[in-house]
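Asker:
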Amino acid sequence: MASSLGRILGAALVSMSLSTVAIAGPLTTDAAALPSWKGSTPFSGTNAGLTHTVDAIVDFAVYAPGNFSLSAALGNPTDISGGTQYIYAYEVFRQGLDADISSLSISLVPGAVPDNTTLVGHDPTTPEGGVAPISSNFVPGGIAPKLNVRWNFIPAMAGSNHSDILFFASPFGPQMLQATVGGTFTTAAMASLPTPIPEPGTWVLMAAGLCSLFALRPRRRRQIEN
Amino acid sequence: MIRTRTSLLLVCALAIPAAPALAGPLPVGPLATAPGVYVDGFANVWHGSTPYSNPFGLSGFVDWAVWAPGTFPGFSGYSPTAGEYVYTYQAAVEGSVALTSLFITLDNAADNIGEFTGDAGFGLVDGPTPADFMQILPLNEAEWYWFGGIVEDDRSKGLVFSSPNPPMLSDGTLIDHGSFAFVIPVPSPGGPIIPEPSTFVLAACGAALFVVRWLRVRHSGVC
Numbered sequence: 154m155a156s157s158l159g160r161i162l163g164a165a166l167v168s169m170s171l172s173t174v175a176i177a178g179p180l181t182t183d184a185a186a187l188p189s190w191k192g193s194t195p196f197s198g199t200n201a202g203l204t205h206t207v208d209a210i211v212d213f214a215v216y217a218p219g220n221f222s223l224s225a226a227l228g229n230p231t232d233i234s235g236g237t238q239y240i241y242a243y244e245v246f247r248q249g250l251d252a253d254i255s256s257l258s259i260s261l262v263p264g265a266v267p268d269n270t271t272l273v274g275h276d277p278t279t280p281e282g283g284v285a286p287i288s289s290n291f292v293p294g295g296i297a298p299k300l301n302v303r304w305n306f307i308p309a310m311a312g313s314n315h316s317d318i319l320f321f322a323s324p325f326g327p328q329m330l331q332a333t334v335g336g337t338f339t340t341a342a343m344a345s346l347p348t349p350i351p352e353p354g355t356w357v358l359m360a361a362g363l364c365s366l367f368a369l370r371p372r373r374r375r376q377i378e379n
Numbered sequence: 003m004i005r006t007r008t009s010l011l012l013v014c015a016l017a018i019p020a021a022p023a024l025a026g027p028l029p030v031g032p033l034a035t036a037p038g039v040y041v042d043g044f045a046n047v048w049h050g051s052t053p054y055s056n057p058f059g060l061s062g063f064v065d066w067a068v069w070a071p072g073t074f075p076g077f078s079g080y081s082p083t084a085g086e087y088v089y090t091y092q093a094a095v096e097g098s099v100a101l102t103s104l105f106i107t108l109d110n111a112a113d114n115i116g117e118f119t120g121d122a123g124f125g126l127v128d129g130p131t132p133a134d135f136m137q138i139l140p141l142n143e144a145e146w147y148w149f150g151g152i153v154e155d156d157r158s159k160g161l162v163f164s165s166p167n168p169p170m171l172s173d174g175t176l177i178d179h180g181s182f183a184f185v186i187p188v189p190s191p192g193g194p195i196i197p198e199p200s201t202f203v204l205a206a207c208g209a210a211l212f213v214v215r216w217l218r219v220r221h222s223g224v225c
């Protein structure tokens, strides 16, 4: 009796630990990532009619320039920036039993990535594997200040699936801003994820440059008049 | 001369921030006031425009119109399913951030999703950005995606699907700038038309009276 109870408890513990392994991805504990910029964010939301719910966990990690390809946890992946920029990496885990996951969208501050950047994607070769997005895009397209980055999953991610490692590159370090997980049944959920912020130093330098130009202008005119 | 040039430069500099203010909000599109749309048994005219917005700058409106079977006007790019109602939408973006998806709730049957453009005699329905992907998830939602986004002051093309069922008011969801907004109300296929019990009672009474009258006439004719 005692031994069978022990077996049941043991099996329960093993299955719990396996399910934990299945849920927690490599990003949250990746030694190559910035120590204070790795973790998990839960997303939970409904549709307008409150009849359906979408639940997800998004793991994230931010890598300093040159460190992404050093990640043994991700199988030393290729760095799309060639090691020159920060890499922002995410992994979406579907939770709950209702809506499937159709997208992850993360806000960007204008100037956080270059207007003509295309350094966004996903990595199907990591040991983690996962569902590949049908598209990985900065928004808006073309050469314009980017306002968000989005990955779409078509068909939507169902069951207990998780995504590939999703990533993009930026010259700037992280802050937390709003992000949205879109689900089927017109559901959506919003929470915060790391996203780059242009350094204050950049703005100060730009302002100083503009001031200098303005200050030089009258002198030149006076010189011309003289 | 220098003063004139400086003044002109100053006017131009002031005009740049003033331009959006002078441009004003986008006018509602042709679908919102389209003639010839479906009118239900309660005299509800099924066209309109519904605004959406959120605190993150995602804002605009969705124009919509529903057409009874066989009445979809002469737009190009879409052939409705024969004998079905046609549900049309056009998303407009007013906020400073781009829109990348519109999903409409489907609680009932729908099929044949698509896009259309053109002027059917009451204004041009068009936009610069075609959808990159669209699909119907049965009894779930109708989806239109724009991977690069629809930017400020632009509209989608006409968005459309067919359904055997007449409309009811429902809702939808729009996403981007890492945020979302609901749009309420918008039309969506309702349940199929089921005659009320009183309709059957009335029909039965009428049939009974007809039979009684016919029997009387027949009986008096025989006598």
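Line by line, the protein sequences give chains D and C. With the numbering used here as the guide, the letters of the first sequence map in order to residues 154 to 379. With the numbering used here as the guide, the letters of the second sequence map in order to residues 3 to 225. Backbone N, C-alpha and C fix where the C-beta goes; we use that ideal spot for every residue, glycine too.
1) For C/Val127 versus C/Gly62, is the C-beta distance shorter than 8 Å?
2) Taking C-beta pairs closer than 9 Å, name the residues in chain C that D/Ser256 reaches, listed in chain order.
3) Mind listing which residues of the segment 177-193 of chain C have their C-beta closer than 7 Å to chain D's C-betas, in chain order?
4) Strictly by DSSP, which residues pair up with C/Ser164?
5) State the DSSP-derived secondary structure class of C/Trp66, mapped to helix, strand or coil.
6) Using a Cβ-Cβ distance cut-off of 8 Å, determine whether D/Val211 contacts chain C.
7) Of all Cβ atoms in chain D, is any one closer than 8 Å to the Cβ of C/Phe63?
8) Do C/Thr102 and C/Asp173 have their beta-carbon atoms positioned less than 8 Å apart in this structure?
9) Mind pulling the chain C residues with CB within less than 7 Å of D/Asn290?
10) Please identify the residue among D/Leu346, D/Ser323, D/Phe291 whose C-alpha is closest to the C-alpha of C/Ala100.
11) Tell me whether the beta-carbon of C/Leu33 lies closer than 8 Å to the beta-carbon of C/Thr90.
12) What number of angstroms, rounded off, separates the C-alpha of C/Gly1 from the C-alpha of C/Asn46?
13) List, in order along the chain, the chain D residues whose C-beta lies closer than 7 Å to that of C/Glu143?
14) Just mark D/Glu352 as buried or exposed, buried being the case when its beta carbon has 16 or more other beta carbons within 10 Å.
15) Say whether the segment 187-194 of chain D touches the segment 298-306 of chain D, bearing in mind that this needs 3 or more beta-carbon pairs closer than 8 Å, one atom from each stretch.
16) Using CA atoms only, rank isn't needed, just tell me which of D/Ile233, D/Arg247, D/Pro188, D/Ser258 is closest to D/Leu346.
17) Give the DSSP-derived three-state secondary structure of C/Phe44 in the structure shown.
18) Quick check on C/Asp173 - is its C-beta less than 8 Å from some C-beta in chain D?
19) Restricting to runs no shorter than 3 residues, where is the beta strand (DSSP E) found entirely within the segment 302-329 of chain D?
20) Please list the segments of the alpha helix (DSSP H) lying wholly inside the segment 211-254 of chain D, counting only runs of 4 or more residues, in order along the chain.
21) If you follow the beta strand (DSSP E) that D/His275 is in, where does it begin and where does it stop?
22) Using the beta-carbon count (16 or more within 10 Å), is D/Ala155 buried or exposed?
23) Taking the CB atoms as reference points, tell me whether C/Ser98 and D/Gln331 lie closer together than 8 Å.
24) Counting only beta-carbon separations shorter than 8 Å, does C/Leu139 have a partner in chain D?
25) Between the Cα of C/Ala112 and the Cα atoms of C/Gln92, C/Thr119, C/Gly85, C/Pro132, which residue gives the shortest distance?
26) Is the shortest distance between the beta-carbon of C/Val99 and the beta-carbons of chain D less than 8 Å?
27) Using the beta-carbon count (16 or more within 10 Å), is C/His221 buried or exposed?
28) Please classify D/Leu261 as buried or exposed, where buried requires at least 16 other C-beta atoms within 10 Å of its C-beta.
29) At least one CB of chain D closer than 8 Å to the CB of C/Val95: is that the case?
30) Which residue comes first and which comes last in the beta strand (DSSP E) that contains C/Pro169?
31) Looking only at its chain, what residues have a beta carbon closer than 7 Å to the beta carbon of C/Val185, apart from the 5 residues adjacent to it on each side?
32) Determine, using beta carbons only, whether D/Phe325 and D/Ile296 come nearer to each other than 8 Å.
33) Name the DSSP beta bridge partners of D/Ala285, please?
34) Can you find the residues in the same chain that come closer than 8 Å, C-beta to C-beta, to C/Pro27, ignoring five residues on each side of it along the sequence?
35) Grouping DSSP H, G and I as helix and E and B as strand, with all else coil, what is C/Phe58?
36) Counting along the chain, where does the beta strand (DSSP E) carrying C/Ser158 start and finish?
Answerer: The answer reads as follows:
1) Residue mapping note: residue 127 of chain C aligns to position 125 of the second sequence, counting from 1. Residue mapping note: residue 62 of chain C aligns to position 60 of the second sequence, counting from 1. No. Outside cutoff.
2) For the purposes of this step, residue 256 of chain D is identified with residue 103 of the first sequence, where counting begins at 1. Contact note: D/Ser256 reaches chain C through Thr102, Ser103, Tyr147, Ile177, using a C-beta cutoff of 9 Å and chain order.
3) Hits within the stretch, in order: Ile177, Asp178, His179, Gly180, Ser181, Phe182, Phe184, Ile186.
4) For the purposes of this step, residue 164 of chain C is taken as the residue at position 162 of the second sequence. Looking at the DSSP assignment, C/Ser164 forms a beta bridge with C/Val88, C/Asp113.
5) Counting from one through the second sequence, the residue named residue 66 of chain C turns up at place 64. DSSP places C/Trp66 within a strand segment (E or B) once states are collapsed to three.
6) Locating residue 211 of chain D in the first sequence gives position 58, counting from the first residue. Not one chain C Cβ lies under 8 Å of D/Val211.
7) Position 61 of the second sequence, counted from the first residue, corresponds to residue 63 of chain C. It does not; no Cβ of chain D falls within 8 Å.
8) Numbered from its first residue, the second sequence carries residue 173 of chain C at position 171. Numbered from its first residue, the second sequence carries residue 102 of chain C at position 100. Their beta carbons are not under 8 Å apart, which means C/Asp173 does not touch C/Thr102 by this criterion.
9) Locating residue 290 of chain D in the first sequence gives position 137, counting from the first residue. Contact annotation for D/Asn290 against chain C: Phe149, Gly150 [CB-CB distance below 7 Å, chain order].
10) Translated into positions along the second sequence, residue 100 of chain C becomes position 98. Comparing Cα-Cα distances from C/Ala100 to each of D/Leu346, D/Ser323, D/Phe291, the minimum goes to D/Phe291.
11) The residue given as residue 33 of chain C occupies position 31 in the second sequence. The residue given as residue 90 of chain C occupies position 88 in the second sequence. One thing to note: C/Leu33 has its Cβ within 8 Å of the Cβ of C/Thr90.
12) One cannot answer for residue 1 of chain C here, as it falls past the ends of chain C, which runs 3 to 225.
13) Counting from 1 along the second sequence, the entry for residue 143 of chain C is found at position 141. Near C/Glu143 (Cβ distances below 7 Å), the residues of chain D are Thr337, Phe338, Thr339.
14) If you number the first sequence from 1, residue 352 of chain D lands on position 199. Burial call: exposed.
15) Contact fails between the segment 187-194 of chain D and the segment 298-306 of chain D, because fewer than three Cβ pairs, one in each stretch, are under 8 Å apart.
16) As a first step, residue 346 of chain D is located in the first sequence; it is residue number 193 there, counting from the start. Considering only alpha carbons, the answer is D/Ser258.
17) If you number the second sequence from 1, residue 44 of chain C lands on position 42. Three-state result, C/Phe44: coil.
18) Translated into positions along the second sequence, residue 173 of chain C becomes position 171. So yes, C/Asp173 belongs to the interface.
19) If we require 3 residues or more, the beta strand (DSSP E) runs fully inside the segment 302-329 of chain D come out as 318-323.
20) DSSP runs (the alpha helix (DSSP H)) wholly in the segment 211-254 of chain D: none.
21) Walking along the first sequence from the start, residue 275 of chain D turns up at place 122. Segment 273-276, the beta strand (DSSP E) holding D/His275.
22) Numbered from its first residue, the first sequence carries residue 155 of chain D at position 2. Any reading at D/Ala155 is ruled out, since the residue's pLDDT is 45, under 50, leaving its predicted position unreliable.
23) Numbered from 1 along the second sequence, position 96 holds the residue referred to as residue 98 of chain C. Numbered from 1 along the first sequence, position 178 holds the residue referred to as residue 331 of chain D. No; because the gap between Cβ atoms is not below 8 Å, this pair is not in contact.
24) What you label residue 139 of chain C is simply residue 137 of the second sequence in a count that begins at 1. Closer than 8 Å to the CB of C/Leu139 there is at least one CB belonging to chain D.
25) Counting from 1 along the second sequence, the entry for residue 112 of chain C is found at position 110. Nearest C-alpha to C/Ala112: C/Gly85.
26) Taking the second sequence and counting its residues from 1, the one referred to as residue 99 of chain C is at position 97. Yes, C/Val99 lies at the interface with chain D (some Cβ there is under 8 Å from its Cβ).
27) On the second sequence, residue 221 of chain C is found 219 positions in, with the first residue counted as 1. When all chains shown are included, C/His221 counts as exposed.
28) For the purposes of this step, residue 261 of chain D is taken as the residue at position 108 of the first sequence. Buried, by the Cβ-count rule.
29) Your numbering for residue 95 of chain C matches position 93 in the second sequence. Answer no: the Cβ-Cβ gap between C/Val95 and chain D never drops below 8 Å.
30) Counted from its first residue, the second sequence places residue 169 of chain C at position 167. Annotation: the continuous beta strand (DSSP E) that includes C/Pro169 extends over 169-177.
31) Here residue 185 of chain C refers to the residue found at position 183 of the second sequence. Taken in chain order, the residues that qualify are Thr52, Tyr54, Val64, Asp173, Gly174, Leu176.
32) Within the first sequence, the letter at position 172 stands for residue 325 of chain D. Within the first sequence, the letter at position 143 stands for residue 296 of chain D. Between D/Phe325 and D/Ile296, the CB-CB gap reaches or exceeds 8 Å.
33) Start at 1 with the first residue of the first sequence, and residue 285 of chain D comes out as number 132. In DSSP, D/Ala285 forms no bridge with anything.
34) As a working mapping, residue 27 of chain C is identified with position 25 in the second sequence. So the qualifying residues of the chain are Glu96.
35) Translated into the one-based positions of the second sequence, residue 58 of chain C becomes position 56. Residue state, collapsed to three classes: coil.
36) Position 156 of the second sequence, counting from 1, holds the residue named residue 158 of chain C. Counting along the chain, C/Ser158 sits inside no beta strand (DSSP E), nor does DSSP assign it H or E at all.
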